[in-house]
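Q:
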Amino acid sequence: MARRGRARHSGTAPTPETETGPATPTPVIQIRRLTKAYGHGDATVHALRGPDDPETGLPAGVSLDIDEGDFVAVMGSSGSGKSTLMNILGCLDVPTAGRYLLDGIDVGHLDEQQLSLVRNRKIGFIFQSFNLVPRTSALAQVELPLAYAGVRAAERRKRALAALSLVGLSQRAGHKPNELSGGQQQRVAVARALVTAPAMLLADEPTGNLDSHSTEEVLQIIDGLNATGRTVVLITHEDEVAMHAKRVLRLVDGKVISDVRQGPVVGPPPVLAAQLRQRAANGELIGGRQ
Amino acid sequence: MIFWQIIRFALGGLAANKVRSALTMLGVLIGVASVILLLAVGNGSSVAVKNSITSLGTNSLTVSSGASFGGSRSAATTKKLTVADAKALADPTAAPDIKSVAPVVSTSATAIYGDISYTPGSILGTYPAYFETANEKIAKGDYFSADDVLNSRKVAVIGSTTATQLFNTDDPVGKTISLGGTPFTVVGVLQTKGGSTGFSDPDDVVIAPLPTVQNAFTGFSSVSQILVQATSADTTTQAQAEITQVLMGTHSLTDPTKLDFRVSNQASLLTARESTTQTFTVLLGAVAAISLLVGGIGITNIMLVTVTERTREIGIRKALGAPKAVILGQFLTESTLLSVLGAGLGVGVGLFGAHFKVVGIVPVVIPSSVLGSFAIAVAIGLFFGSYPANRAASLRPIDALRHE
Numbered sequence: 001m002a003r004r005g006r007a008r009h010s011g012t013a014p015t016p017e018t019e020t021g022p023a024t025p026t027p028v029i030q031i032r033r034l035t036k037a038y039g040h041g042d043a044t045v046h047a048l049r050g051p052d053d054p055e056t057g058l059p060a061g062v063s064l065d066i067d068e069g070d071f072v073a074v075m076g077s078s079g080s081g082k083s084t085l086m087n088i089l090g091c092l093d094v095p096t097a098g099r100y101l102l103d104g105i106d107v108g109h110l111d112e113q114q115l116s117l118v119r120n121r122k123i124g125f126i127f128q129s130f131n132l133v134p135r136t137s138a139l140a141q142v143e144l145p146l147a148y149a150g151v152r153a154a155e156r157r158k159r160a161l162a163a164l165s166l167v168g169l170s171q172r173a174g175h176k177p178n179e180l181s182g183g184q185q186q187r188v189a190v191a192r193a194l195v196t197a198p199a200m201l202l203a204d205e206p207t208g209n210l211d212s213h214s215t216e217e218v219l220q221i222i223d224g225l226n227a228t229g230r231t232v233v234l235i236t237h238e239d240e241v242a243m244h245a246k247r248v249l250r251l252v253d254g255k256v257i258s259d260v261r262q263g264p265v266v267g268p269p270p271v272l273a274a275q276l277r278q279r280a281a282n283g284e285l286i287g288g289r290q
Numbered sequence: 291m292i293f294w295q296i297i298r299f300a301l302g303g304l305a306a307n308k309v310r311s312a313l314t315m316l317g318v319l320i321g322v323a324s325v326i327l328l329l330a331v332g333n334g335s336s337v338a339v340k341n342s343i344t345s346l347g348t349n350s351l352t353v354s355s356g357a358s359f360g361g362s363r364s365a366a367t368t369k370k371l372t373v374a375d376a377k378a379l380a381d382p383t384a385a386p387d388i389k390s391v392a393p394v395v396s397t398s399a400t401a402i403y404g405d406i407s408y409t410p411g412s413i414l415g416t417y418p419a420y421f422e423t424a425n426e427k428i429a430k431g432d433y434f435s436a437d438d439v440l441n442s443r444k445v446a447v448i449g450s451t452t453a454t455q456l457f458n459t460d461d462p463v464g465k466t467i468s469l470g471g472t473p474f475t476v477v478g479v480l481q482t483k484g485g486s487t488g489f490s491d492p493d494d495v496v497i498a499p500l501p502t503v504q505n506a507f508t509g510f511s512s513v514s515q516i517l518v519q520a521t522s523a524d525t526t527t528q529a530q531a532e533i534t535q536v537l538m539g540t541h542s543l544t545d546p547t548k549l550d551f552r553v554s555n556q557a558s559l560l561t562a563r564e565s566t567t568q569t570f571t572v573l574l575g576a577v578a579a580i581s582l583l584v585g586g587i588g589i590t591n592i593m594l595v596t597v598t599e600r601t602r603e604i605g606i607r608k609a610l611g612a613p614k615a616v617i618l619g620q621f622l623t624e625s626t627l628l629s630v631l632g633a634g635l636g637v638g639v640g641l642f643g644a645h646f647k648v649v650g651i652v653p654v655v656i657p658s659s660v661l662g663s664f665a666i667a668v669a670i671g672l673f674f675g676s677y678p679a680n681r682a683a684s685l686r687p688i689d690a691l692r693h694e
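Chains as they are written, first to last, in our numbering: chain E, 1 to 290; chain C, 291 to 694.
(1) If you drop the 5 nearest sequence neighbours on each side, which residues of the same chain put their C-beta closer than 6 Å to that of T451 of chain C?
(2) Is it right to say R277 of chain E is buried, meaning 16 or more other beta carbons lie within 10 angstroms of its own, or is it exposed?
(3) Return the first residue and the last residue of the alpha helix (DSSP H) that A506 of chain C is part of.
(4) Nearest-angstrom Cα distance between G640 of chain C and A690 of chain C?
(5) Helix, strand or coil, according to DSSP, for K308 of chain C in the structure here?
(6) Assuming A682 of chain C and I617 of chain C are in contact, meaning their beta carbons sit under 8 Å apart, how far apart are those beta carbons, in whole angstroms?
(7) Of all the options C:G586, C:P678, C:E624, C:V655, which has the alpha carbon lying nearest to the alpha carbon of G321 of chain C?
(8) Alpha carbon to alpha carbon, how far is V447 of chain C from V496 of chain C? Give it in angstroms, no decimals.
(9) Kindly say whether V616 of chain C, judged by its beta-carbon, lies nearer than 9 Å to any beta-carbon of chain E.
(10) Quick one: grab the DSSP three-state call for T383 of chain C.
(11) Nearest to Q295 of chain C by alpha carbon, out of E:V241, E:L144, E:L202?
(12) Is it right to say Q185 of chain E is buried, meaning 16 or more other beta carbons lie within 10 angstroms of its own, or is it exposed?
(13) Apply the 10 Å Cβ neighbour rule to P657 of chain C and answer buried if 16 or more other Cβ atoms are within range, or exposed otherwise.
(14) From this set, E:H175, E:S258, E:A203, E:A160, which residue's C-alpha is nearest F71 of chain E's C-alpha?
(15) Could you confirm whether any beta carbon from chain E is found closer than 9 Å to the beta carbon of G302 of chain C?
(16) Within this structure, are the beta carbons of Q278 of chain C and V394 of chain C separated by less than 9 Å?
(17) Which of the three DSSP states, helix, strand or coil, is assigned to Q30 of chain E?
(18) Going by CA-CA distance only, name the one from E:A153, E:G41, E:R152, E:V62 that's closest to I88 of chain E.
(19) Does H244 of chain E come out as helix, strand or coil in the three-state DSSP assignment?
(20) Inspect the CB distances between the stretch 315 to 332 of chain C and the stretch 629 to 638 of chain C and report whether three or more fall short of 8 Å.
(21) Would you decide whether Y148 of chain E is buried or exposed? Buried here means 16 or more other CB atoms lie within 10 Å of its CB.
(22) Measure the C-alpha to C-alpha separation of F646 of chain C and A173 of chain E and round it to an integer number of angstroms.
(23) For the candidate residues E:G90, E:E55, E:Y38, whose alpha-carbon lies nearest to that of G79 of chain E?
(24) Beta carbon of G605 of chain C, beta carbon of I670 of chain C: below 9 Å?
(25) Hey, would you say G575 of chain C sits closer than 9 Å to G334 of chain C, going by beta carbons?
(26) Looking at the unbroken beta strand (DSSP E) that takes in A498 of chain C, where does it start and where does it end?
(27) Taking the C-alpha atoms as reference points, what is the distance between T96 of chain E and I31 of chain E?
(28) Give a yes or no on whether 9 Å exceeds the smallest Cβ distance from G182 of chain E to chain C.
(29) Who does F474 of chain C pair with in a DSSP beta bridge?
(30) Give me the Cα-Cα distance between L329 of chain C and L631 of chain C, rounded to the nearest whole angstrom.
(31) Determine whether the Cβ of L627 of chain C lies closer than 9 Å to any Cβ atom of chain E.
(32) Let me know the secondary structure DSSP gives K427 of chain C once reduced to three states.
(33) What's the C-alpha gap between T521 of chain C and I326 of chain C?
(34) Taking the C-alpha atoms as reference points, what is the distance between D52 of chain E and S77 of chain E?
(35) Would Q295 of chain C count as contacting chain E if we go by Cβ distances under 9 Å?
(36) Would you say A199 of chain E and L64 of chain E are within 9 Å of each other, going by their C-beta atoms?
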């Protein structure tokens, strides 16, 4: 990781420097001195601790900024705290200490009702195990977050169909989860995550249960979404998946040990950018022949 | 969140486990149906009692032997009722409000016709006035006459049940039956009164002239009852006073609190019988209510299982931004739908079952019991469903998602 250079401990420099253009993206996620501990007393385990405070020796917590339009991969082995970070970012879990601002809102001060609103409007989840609602057609799955948001039926249907066609499943709208392959289920989950146009997509090992072909499909969709400006936070332990991200964070024992930028915040993510360049080159080649 | 959306989610949830939902509904169904049906049976028996008492005639009074309620019951001072008492009551100067008097003796014996042997419910010996007083109408043949009584003729009028038992479809009029060895000629068959109380059938009876029955069975010492008809329904109270007055004279009694006979009218009979059937109805209702309660607990049980089973689904829905109220609403709607559907079917089964005779009683459905049991079942669904629903709604999304 360090070999890629420019590794940086979090907490020291909240905003990674942007390498392109004068545009300064606003951070969609700002976390400050965030810790999460389980258990009490001597048995306390810090799933998220950050560097130790030099004065007190206590965990100082993780601080991190994620810009709008960025594509961040969080890597780490199991037990490194990446799932805990993901749950906190997704407002599914509450931190023990620290501040978390999502799209400018301090999530720590919200009650249950407001949190469900935030989950509905600001966050789109993609889980490793797909987590589709059983016995529900793909269309109804995708409509579900809109239904909770109170969108009217006709509008809901229109937007759900649009989201399904974006992931290439408009022909499968009436199928139930048990009638879809793993890759198709995950694409339904992606459609469901993006249908509300959330501030960020949170993907927890989205390709962990998929074969290489489906993995490629799902990552391509996520790349495409990011290219259109959607912020993506992706958790993985596979380097091939992390390759797609513009920025890679590595967690060990609840600390961010490296923070590598692989591509500019603005523009298509690295793999897609390479493909586009390749295609453009081929196009020129063909054009040249004629 | 739109109401229909919640209903659709709930129906989907119920459809996912059809057998389980059907069995839970069956619990509520049985509860509601049994409340409706058992109350209808109780009510039916009380209606039957009422009918059989009013069919006796509204202005008839029954004098029977024995101390009145609350009076002393000393055997030494008790004089039996006799034909002489009846004759004294028939005196129009002493008792101007009495229209007719019929002393009644009752006994039982086996009736034989051809090779058929049957024991009627009761054999009564009385005067022709009995028929009008007791509101007995003739269907075939004729009543026996005062002449038959005077001459102690061996004739009899039989009830419709007795006629069917002995003669089946034959015409009994003119046939001779043997009652305890004495031959009686059947002169008439009574109209079916119906209104069986489940204890005795008013149509299972043989009525013969008083002296004939006394001669053949009971002897001439006393009669069991004296049936008195007042001149009108309004004069029954005066007639009752007159009966007491006259019989105190013939029995040489001075203390009106220590009578050795009692006079009962329809009202007192009605209240006595009604209070019995009321108790009966309340008991039946209590049993049914318990089964309804058990049905409600069944709902809680199955909803708890459902919530546990669908914890992960709840987690997904919460992650997608379902507010607490929507989750609560979904599970509450599911349990309420279970109880509403169960109760609706129960009402159907109860009303259908009320078309059949239950242990000889024709059930009479009480409309308020239908509404009441339906409403209670729905309330039970809400009440017993609220605990599991609340549990589902208060799950933390992270715990629900991690649930295996």
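For every residue, glycine included, the Cβ atom is placed at its ideal position computed from N, Cα and C.
Nothing here was measured: the structure is a model prediction, and the numbers come from that model.
A: If we stick to the structure as given:
(1) Here residue 451 of chain C refers to the residue found at position 161 when the second sequence is read from its first residue. So the list reads D491, D493, D494, once near-sequence residues are dropped.
(2) In the first sequence, counting from the first residue as 1, residue 277 of chain E sits at position 277. Counting Cβ neighbours within 10 Å, R277 of chain E comes out exposed, since fewer than 16 surround it.
(3) The residue labelled residue 506 of chain C in the question sits at position 216 within the second sequence. No residue range can be given for A506 of chain C, since it is assigned to no alpha helix (DSSP H) and is classified by DSSP as neither H nor E.
(4) As a position in the second sequence, residue 640 of chain C is number 350, starting the count at 1. As a position in the second sequence, residue 690 of chain C is number 400, starting the count at 1. The alpha-carbon atoms of G640 of chain C and A690 of chain C are separated by roughly 42 Å.
(5) The sequence position of residue 308 of chain C within the second sequence is 18, counting from 1. Looking at K308 of chain C - three-state DSSP - the assignment turns out to be helix.
(6) Residue mapping note: residue 682 of chain C aligns to position 392 of the second sequence, counting from 1. Residue mapping note: residue 617 of chain C aligns to position 327 of the second sequence, counting from 1. About 6 Å separates the two Cβ atoms, so the contact holds.
(7) Taking the first residue of the second sequence as 1, we reach residue 321 of chain C at position 31. Cα-wise, what sits closest to G321 of chain C is C:G586.
(8) As a first step, residue 496 of chain C must be located in the second sequence, where it is residue number 206. As a first step, residue 447 of chain C must be located in the second sequence, where it is residue number 157. Taking the straight line joining both Cα atoms gives about 6 Å.
(9) The residue labelled residue 616 of chain C in the question sits at position 326 within the second sequence. Under the Cβ criterion of 9 Å, V616 of chain C is counted among the residues facing chain E.
(10) What you label residue 383 of chain C is simply residue 93 of the second sequence in a count that begins at 1. Here DSSP, grouped into helix, strand and coil, assigns T383 of chain C to coil.
(11) Within the second sequence, the letter at position 5 stands for residue 295 of chain C. Among E:V241, E:L144, E:L202, the Cα nearest to that of Q295 of chain C is on E:L144.
(12) Position 185 of the first sequence, counted from the start, is the residue given in the question as residue 185 of chain E. It is buried - the Cβ of Q185 of chain E has at least 16 other Cβ atoms within 10 Å.
(13) One-based indexing of the second sequence puts residue 657 of chain C at position 367. Within 10 angstroms of the beta-carbon of P657 of chain C lie fewer than 16 other beta-carbons, which makes it exposed.
(14) Counting from 1 along the first sequence, the entry for residue 71 of chain E is found at position 71. Nearest C-alpha to F71 of chain E: E:A203.
(15) In the second sequence, counting from the first residue as 1, residue 302 of chain C sits at position 12. G302 of chain C counts as touching chain E.
(16) Not covered by the structure: residue 278 of chain C. The range shown for chain C is 291 to 694.
(17) Taking the first residue of the first sequence as 1, we reach residue 30 of chain E at position 30. Strand at Q30 of chain E.
(18) What you label residue 88 of chain E is simply residue 88 of the first sequence in a count that begins at 1. If we check each option's Cα against that of I88 of chain E, E:V62 comes out closest.
(19) What you label residue 244 of chain E is simply residue 244 of the first sequence in a count that begins at 1. In the structure shown, H244 of chain E sits in coil (DSSP, three-state: anything other than H, G, I, E or B).
(20) Below 8 Å, enough C-beta pairs join the stretch 315 to 332 of chain C and the stretch 629 to 638 of chain C to call them touching: three or more.
(21) For the purposes of this step, residue 148 of chain E is identified with residue 148 of the first sequence, where counting begins at 1. That one is buried.
(22) To locate residue 646 of chain C, count along the second sequence from 1; it is residue 356. To locate residue 173 of chain E, count along the first sequence from 1; it is residue 173. For the pair F646 of chain C and A173 of chain E, the Cα-to-Cα distance works out to about 52 Å.
(23) The residue labelled residue 79 of chain E in the question sits at position 79 within the first sequence. When only C-alpha atoms are compared, the closest one is E:Y38.
(24) The residue you call residue 605 of chain C lines up with position 315 of the second sequence. The residue you call residue 670 of chain C lines up with position 380 of the second sequence. Not a contact, by the Cβ cut-off of 9 Å.
(25) Position 285 of the second sequence, counting from 1, holds the residue named residue 575 of chain C. Position 44 of the second sequence, counting from 1, holds the residue named residue 334 of chain C. In this structure, G334 of chain C does not lie closer than 9 Å to G575 of chain C by Cβ.
(26) Position 208 of the second sequence, counting from 1, holds the residue named residue 498 of chain C. 495 to 499 is the extent of the beta strand (DSSP E) around A498 of chain C.
(27) Within the first sequence, the letter at position 96 stands for residue 96 of chain E. Within the first sequence, the letter at position 31 stands for residue 31 of chain E. In a straight line, the C-alpha of T96 of chain E is about 13 Å away from that of I31 of chain E.
(28) Taking the first sequence and counting its residues from 1, the one referred to as residue 182 of chain E is at position 182. Among the CB atoms of chain C, none fall inside 9 Å of the CB of G182 of chain E.
(29) What you label residue 474 of chain C is simply residue 184 of the second sequence in a count that begins at 1. Answer by DSSP bridge pairing, in chain order: C:I467.
(30) By 1-based counting over the second sequence, the position of residue 329 of chain C is 39. By 1-based counting over the second sequence, the position of residue 631 of chain C is 341. Cα to Cα, the separation comes out at about 21 Å.
(31) Locating residue 627 of chain C in the second sequence gives position 337, counting from the first residue. In terms of beta-carbon proximity, L627 of chain C stays away from the interface with chain E, with every pair separated by 9 Å or more.
(32) One-based indexing of the second sequence puts residue 427 of chain C at position 137. It is coil, neither helix nor strand.
(33) For the purposes of this step, residue 521 of chain C is identified with residue 231 of the second sequence, where counting begins at 1. For the purposes of this step, residue 326 of chain C is identified with residue 36 of the second sequence, where counting begins at 1. Taking the straight line from one Cα to the other gives about 42 Å.
(34) For the purposes of this step, residue 52 of chain E is taken as the residue at position 52 of the first sequence. For the purposes of this step, residue 77 of chain E is taken as the residue at position 77 of the first sequence. Cα to Cα, D52 of chain E sits roughly 21 Å from S77 of chain E.
(35) In the second sequence, the residue the question calls residue 295 of chain C occupies position 5. Using a Cβ-Cβ cut-off of 9 Å, Q295 of chain C counts as an interface residue toward chain E, since at least one Cβ of chain E sits closer than that to its own.
(36) The residue you call residue 199 of chain E lines up with position 199 of the first sequence. The residue you call residue 64 of chain E lines up with position 64 of the first sequence. Not in contact: A199 of chain E and L64 of chain E (Cβ atoms no closer than 9 Å).
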